[in-house]
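Enquirer: Provided herewith is a single structure, encoded as structure tokens, for subsequent inquiry.
Number of protein chains: 4
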Amino acid sequence: MSDRIQSPDARLERSRQAILDSTRELLAEGDVGSLTVESVAARSGVAKTTIYRRWRDKWELALDAVMIDWLPRFDDPVDVGDTREELITFIDSVVRSLAVPPQGPAMRGLISRIATEPDLGRAYLDRVIEPRREQLKPVIERGIARGDLRPDTDLRLLHELLLGPVFYRLLLSGPPLDRDLSAGVVDAVLGAFSPRGARSNPKRRARR
Amino acid sequence: MSDRIQSPDARLERSRQAILDSTRELLAEGDVGSLTVESVAARSGVAKTTIYRRWRDKWELALDAVMIDWLPRFDDPVDVGDTREELITFIDSVVRSLAVPPQGPAMRGLISRIATEPDLGRAYLDRVIEPRREQLKPVIERGIARGDLRPDTDLRLLHELLLGPVFYRLLLSGPPLDRDLSAGVVDAVLGAFSPRGARSNPKRRARR
Amino acid sequence: MSDRIQSPDARLERSRQAILDSTRELLAEGDVGSLTVESVAARSGVAKTTIYRRWRDKWELALDAVMIDWLPRFDDPVDVGDTREELITFIDSVVRSLAVPPQGPAMRGLISRIATEPDLGRAYLDRVIEPRREQLKPVIERGIARGDLRPDTDLRLLHELLLGPVFYRLLLSGPPLDRDLSAGVVDAVLGAFSPRGARSNPKRRARR
Amino acid sequence: MSDRIQSPDARLERSRQAILDSTRELLAEGDVGSLTVESVAARSGVAKTTIYRRWRDKWELALDAVMIDWLPRFDDPVDVGDTREELITFIDSVVRSLAVPPQGPAMRGLISRIATEPDLGRAYLDRVIEPRREQLKPVIERGIARGDLRPDTDLRLLHELLLGPVFYRLLLSGPPLDRDLSAGVVDAVLGAFSPRGARSNPKRRARR
DNA sequence: GACTAAGCGAGACGGTACGTCGCGTCTTAAA
DNA sequence: TTTAAGACGCGACGTACCGTCTCGCTTAGTC
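Residue numbers (the working numbering), protein chains in the order written: chain A, 752 to 959; chain B, 752 to 959; chain C, 752 to 959; chain D, 752 to 959.
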């Protein structure tokens, strides 16, 4: 991804912003398929060369551009005294983010590249997934403390159980992305990791 | 998708098979990005035109080709007397399918098109998701009968809760795709939909 | 060119006519560029194979088709007692023929093939140019007898002097193709081949 | 036609020349039918795209290429004191040009397009026919001054009478294109446009 | 205050693959 | 045997974007 965040030269930052802005505008208008390095250059009044100087290709640019919109939306979860509520808030912020353009369509268009190119995959992991998992950690800890979750709750699996269905619906099984979905997956997760209940099957975690 | 013509002419079926075979070979060798209509034509000894006569573009062809490998793998779940086991078997068939090339890489490369083009999305829905959901239905019914699942279990949500995390790991959070994952998601689902336990929260399904 | 004029099988002749008719219709509608073997087959209700059985390619077919319209138009010149008039009539039949669709456009489209492929060139020579030259011969002979033309008048050159400007205008220097042109070239020819002096015809240059 | 950009960048002119050279080479080797944009690209070491950036299609390219050979050959007619001689020189420059490859074959192959596509027709008119007609004008004026031609001589018709037979022979009635032809058409024209009587030139024309 | 080098705009270019068109061949089944 | 029907191999088309590559021009920041 583009480094060189801070520059001695103001032009650097100015053209960088113009490029990212135009990219987001174009993503909002069409889908990733119609995003073209040339169209970005044209709209931002920047030379194609300048874009390639900073991003390897249009996919890196697009991912950068959408992450700018994404990241600020995900505030640290606050303690509201209710694990279920906190989890729903956590997951619903993603659901709401993806439910509105251009985030949903952009993600749909980018996902193959993220899943396919190690660089992009790692960027997404480092800049989105890991931070989000870290944000989730205190929620889980509070949940354990409250007795809502089992002490050995697996953070990674829980994270995937929360977000997987959201993306599955976004990508494959189709709309709607709404609060019902958020609540549904949270309840599933709570069921899975709650300390109570008959499900404490002794052979439960017998490996393959 | 390609209309499967019941043809009096064997050439039809022969060239169709040659195309699909070559496509799968190429998918197994590289990723979807390096799959080219021209390379398929070259390898299968078929004219490019013949490919375009049957498939709109390389994405439809690729999806057709991978589905040929997929579909037969998904047998109807058998009653083994254990809901958890049946669900794990169900989900693990997908996990194992995606864990080996070319299915996993192919899916990673195709997902954006499936998520983006209505035709492909519908094809995937009709030919993969819906049939699988139908296969899941008797498992659920048996689970309800056994008292393992609540009678009002939502088939669609359950299906998404099972498969979502698998695809999330395939596409975003990274490997491994293994039996632990299958077991983990099944336990989550069983927790979510089990009739017992404290989680039967009355305000549980309060809408947004 | 297609031989097999008479056939023991009536189907032969019937499909042959259907093909030629459709070809002429299509030529009248568009130009040669949009004449397609497939469109001919479609319109005439005949299989493409049947067309290729009789004509080497669409150019032979097209030439055959337009010649059907052409040839009957060129009647043997009648003796009207005036060489200039007879020549003008002779040349003007060509001018008028080419001035109306589809003959003009068809000729414009076919000319490169005629000029380029020996078979077509020969066919045109044998079936159009030579017969026309023969038709011209008695006119010349009468002209010589009347003292309007020199006895050593070169038939071939005269023929070319008459028709060349017509085709030049059709193909290169642009419209109009009209009676002025016919008269102009005839006067030139008469000038060229008249025994000296006699050609000073007072009404010679009465224009349109 | 290709806009001749006065470029600060030498690459422009270099690739332009490479393309035109290759085109002429290929035209000299085969006919227009075997001229292919792809073959031009291959031979000139230029990308197909670069060709299409400058010429609409292979026909415009071919016409441009042959005109480069043509135009410089047609010098302004010089006053030699003899109208007949000047006219023969004028017309014979065309005859000789067309008599040798690749000009003749190229013209045969291009003529349909020139006659058919307004853009090409206009280009030919503007860049070949009109300038040639202008070159002819002083010859005519001198001829009138000398009393060899009538004062109301129609330049356009005269031009067509001169060139028509040449092209007619090139395209339809077949070879040879030689000096006899040039002399023949010039004599015809002189006959047509001479002030009455004067044309009785004793040495006028011993035919072949 | 002029000098110099980095950053930039402009845009031509080689290249890959696309999806399309129409050709002429070939195979099959019905008439 | 001839035909209609139509799949097929093939070659070229013209297009879209890619990512690379000069070329000056601008514009700081340095001497």
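Virtual Cβ for every residue (Gly too), placed ideally from N, Cα, C.
Quick caveat: nothing in here was measured; it's all calculated off a predicted structure.
Locate the alpha helix (DSSP H) running through A/W821, then write down its first and last residues.
Expert: Here residue 821 of chain A refers to the residue found at position 70 when the first sequence is read from its first residue. A/W821 -> alpha helix (DSSP H) spans 809-821.
Enquirer: Quick one: complete alpha helix (DSSP H) runs, 4+ long, within the segment 869-893 of chain A?
Expert: 869-875
Enquirer: Kindly indicate which residue of C/R847, C/D820, C/A943, C/A874 has the alpha-carbon position closest to the one of D/S924.
Expert: As a first step, residue 924 of chain D is located in the fourth sequence; it is residue number 173 there, counting from the start. Minimum Cα distance to D/S924 is reached at C/A874.
Enquirer: Quick check: what's the CA-CA separation for C/F918 versus D/G915?
Expert: Residue numbering aside, residue 918 of chain C sits at position 167 when the third sequence is read from its first letter. Residue numbering aside, residue 915 of chain D sits at position 164 when the fourth sequence is read from its first letter. Those two C-alpha atoms are separated by around 7 angstroms.
Enquirer: Just to confirm my understanding: we take B/L900, look at its own chain, exclude 5 residues before and 5 after, and list those with CB closer than 8 angstroms. What are they?
Expert: If you number the second sequence from 1, residue 900 of chain B lands on position 149. Excluding positions up to five away in sequence, the list reads T834, I891, G894, L941, F944, S945, P946.
Enquirer: Report the CB separation of B/D782 from B/G855 in whole angstroms; it is logged as a contact under 8 angstroms.
Expert: The residue given as residue 782 of chain B occupies position 31 in the second sequence. The residue given as residue 855 of chain B occupies position 104 in the second sequence. 10 angstroms between Cβ atoms; not a contact.
Enquirer: At which residues does the alpha helix (DSSP H) containing A/D843 begin and terminate?
Expert: Within the first sequence, residue 843 of chain A is the residue found at index 92, counting from 1. From DSSP, the alpha helix (DSSP H) with A/D843 extends over 834-850.
Enquirer: Given C/L777, which residues of its chain have a CB within under 7 angstroms of its CB, disregarding the five upstream and five downstream residues?
Expert: Numbered from 1 along the third sequence, position 26 holds the residue referred to as residue 777 of chain C. Cβ within range, chain order: L786, S790, V791, R794.
Enquirer: Closer than 8 angstroms between beta carbons: that is the criterion. Which residues of the segment 914-927 of chain B meet it against chain A?
Expert: Identification of residues in the segment 914-927 of chain B having a C-beta nearer than 8 angstroms to some C-beta of chain A yields L914, G915, P916, V917, F918, Y919, R920, L921, L922, L923, S924, G925, given in sequence order.
Enquirer: With a threshold of 16 other CB atoms inside 10 Å of the CB of D/A813, please say whether the residue is buried or exposed.
Expert: Translated into the one-based positions of the fourth sequence, residue 813 of chain D becomes position 62. With 16 or more Cβ atoms within 10 Å of its Cβ, D/A813 is classed as buried.
Enquirer: From C/K809 to C/V788, what distance separates their C-alpha atoms?
Expert: Taking the third sequence and counting its residues from 1, the one referred to as residue 809 of chain C is at position 58. Taking the third sequence and counting its residues from 1, the one referred to as residue 788 of chain C is at position 37. Roughly 6 angstroms separates the two Cα atoms.
Enquirer: Would B/I842 count as contacting chain A if we go by Cβ distances under 9 angstroms?
Expert: Numbered from 1 along the second sequence, position 91 holds the residue referred to as residue 842 of chain B. No, no contact with chain A.
Enquirer: Thinking just about the alpha-carbon of each residue, which of A/R907, A/P927, A/L771 is nearest to the one in B/L908?
Expert: Taking the second sequence and counting its residues from 1, the one referred to as residue 908 of chain B is at position 157. When only C-alpha atoms are compared, the closest one is A/P927.
Enquirer: In the segment 853-867 of chain D, which residues sit with their C-beta less than 9 angstroms from some C-beta in chain C, listed in chain order?
Expert: The residues in question are P856, M858, R859, G860, L861, I862, S863, R864, I865, A866, T867.
Enquirer: Name the residue from A/L822, A/W821, A/I839 whose alpha carbon lies nearest to the alpha carbon of A/V829.
Expert: Taking the first residue of the first sequence as 1, we reach residue 829 of chain A at position 78. Measuring from the Cα of A/V829, the nearest candidate turns out to be A/I839.
Enquirer: Give a yes or no on whether 9 angstroms exceeds the smallest Cβ distance from D/Y803 to chain C.
Expert: By 1-based counting over the fourth sequence, the position of residue 803 of chain D is 52. By this cut-off, D/Y803 is not an interface position.
Enquirer: Could you tell me the distance, in whole angstroms, from the CA atom of D/E836 to the CA atom of D/T801?
Expert: Here residue 836 of chain D is taken as the residue at index 85 of the fourth sequence, counted from 1. Here residue 801 of chain D is taken as the residue at index 50 of the fourth sequence, counted from 1. A straight-line Cα-Cα distance of about 46 angstroms links D/E836 and D/T801.
Enquirer: Using a Cβ-Cβ distance cut-off of 9 angstroms, determine whether D/K888 contacts chain C.
Expert: Counting from one through the fourth sequence, the residue named residue 888 of chain D turns up at place 137. Not one chain C Cβ lies under 9 angstroms of D/K888.
Enquirer: Could you tell me the alpha carbon to alpha carbon distance between C/S758 and C/D877, rounded to whole angstroms?
Expert: Counted from its first residue, the third sequence places residue 758 of chain C at position 7. Counted from its first residue, the third sequence places residue 877 of chain C at position 126. Residue placement at C/S758 cannot be trusted, given a pLDDT of 41 that sits under 50; what the coordinates show is reported in the next sentence. Computed Cα separation, rounded: 23 angstroms.
Enquirer: With a threshold of 9 angstroms between beta carbons, is A/G894 in contact with chain B?
Expert: Position 143 of the first sequence, counting from 1, holds the residue named residue 894 of chain A. Not flagged as an interface residue toward chain B: A/G894, since no C-beta distance is shorter than 9 angstroms.
Enquirer: On the three-state DSSP scale, how would you describe D/V825?
Expert: On the fourth sequence, residue 825 of chain D is found 74 positions in, with the first residue counted as 1. One detail in the question is off: residue 825 of chain D reads as Phe in this sequence, not Val. Coil, per DSSP.
Enquirer: Mark C/G898 as exposed unless 16 or more other C-beta atoms lie within 10 angstroms of its C-beta, in which case mark it buried.
Expert: One-based indexing of the third sequence puts residue 898 of chain C at position 147. By the neighbour-count rule (16 or more Cβ atoms within 10 Å), C/G898 is not buried but exposed.
Enquirer: Taking the beta carbon of D/L921 as the centre, do at least 16 other beta carbons fall within 10 Å, making it buried, or is it exposed?
Expert: Numbered from its first residue, the fourth sequence carries residue 921 of chain D at position 170. Around the beta carbon of D/L921, 16 or more other beta carbons sit within 10 angstroms, so the residue counts as buried.
Enquirer: With a 10 Å radius around its C-beta and 16 neighbouring C-beta atoms as the bar for buried, classify C/P882 as buried or exposed.
Expert: The sequence position of residue 882 of chain C within the third sequence is 131, counting from 1. Answer is exposed; the Cβ neighbour count stays below 16.
Enquirer: For chain B, is any of its Cβ atoms less than 9 angstroms away from the one on A/R907?
Expert: Walking along the first sequence from the start, residue 907 of chain A turns up at place 156. Output row for A/R907: interface = yes.
Enquirer: C/S945 by DSSP, collapsed to three states: which one?
Expert: As a first step, residue 945 of chain C must be located in the third sequence, where it is residue number 194. Coil, per DSSP.
Enquirer: Kindly indicate which three-state DSSP category B/P916 falls into: helix, strand or coil?
Expert: Against the second sequence, residue 916 of chain B aligns to sequence position 165. The DSSP-derived three-state label of B/P916 is helix.
Enquirer: So with CB distances below 7 angstroms, who are the chain D contacts of C/V940?
Expert: For the purposes of this step, residue 940 of chain C is taken as the residue at position 189 of the third sequence. Against chain D, a Cβ distance below 7 angstroms from C/V940 picks out A939.
Enquirer: Put A/L786 into one of helix, strand or coil per three-state DSSP.
Expert: Working through the first sequence from its first residue, we reach residue 786 of chain A at position 35. Reduced to three states, the DSSP call for A/L786 is coil.
Enquirer: Between A/A779 and the rest of its own chain, which residues show a CB-CB distance below 7 angstroms, the 5 nearest in sequence each way excluded?
Expert: Looking up residue 779 of chain A in the first sequence gives position 28. Result list for A/A779: P852, P853, in chain order.
Enquirer: Looking at chain B, is there any beta carbon in it that lies within less than 9 angstroms of the beta carbon of A/A813?
Expert: Start at 1 with the first residue of the first sequence, and residue 813 of chain A comes out as number 62. Not one chain B Cβ lies under 9 angstroms of A/A813.
Enquirer: Within 10 Å of its beta-carbon, does A/V831 have 16 or more other beta-carbons around it, so buried, or fewer, so exposed?
Expert: Your numbering for residue 831 of chain A matches position 80 in the first sequence. It is exposed - the Cβ of A/V831 has fewer than 16 other Cβ atoms within 10 Å.
Enquirer: Thinking D/S933 and D/D815 are a contact (beta carbons under 8 angstroms), I'd like their distance in whole angstroms, please.
Expert: Here residue 933 of chain D refers to the residue found at position 182 when the fourth sequence is read from its first residue. Here residue 815 of chain D refers to the residue found at position 64 when the fourth sequence is read from its first residue. In fact, because the Cβ distance is near 27 angstroms, the residues do not count as touching under 8 angstroms.
Enquirer: Sort C/A857, C/K888, C/V846 by Cα distance to C/R930 and report the nearest one.
Expert: As a position in the third sequence, residue 930 of chain C is number 179, starting the count at 1. Considering only alpha carbons, the answer is C/V846.
Enquirer: Do B/R805 and B/R767 have their beta-carbon atoms positioned less than 9 angstroms apart in this structure?
Expert: For the purposes of this step, residue 767 of chain B is identified with residue 16 of the second sequence, where counting begins at 1. For the purposes of this step, residue 805 of chain B is identified with residue 54 of the second sequence, where counting begins at 1. Result yes, Cβ atoms of B/R767 and B/R805 sit closer than 9 angstroms.
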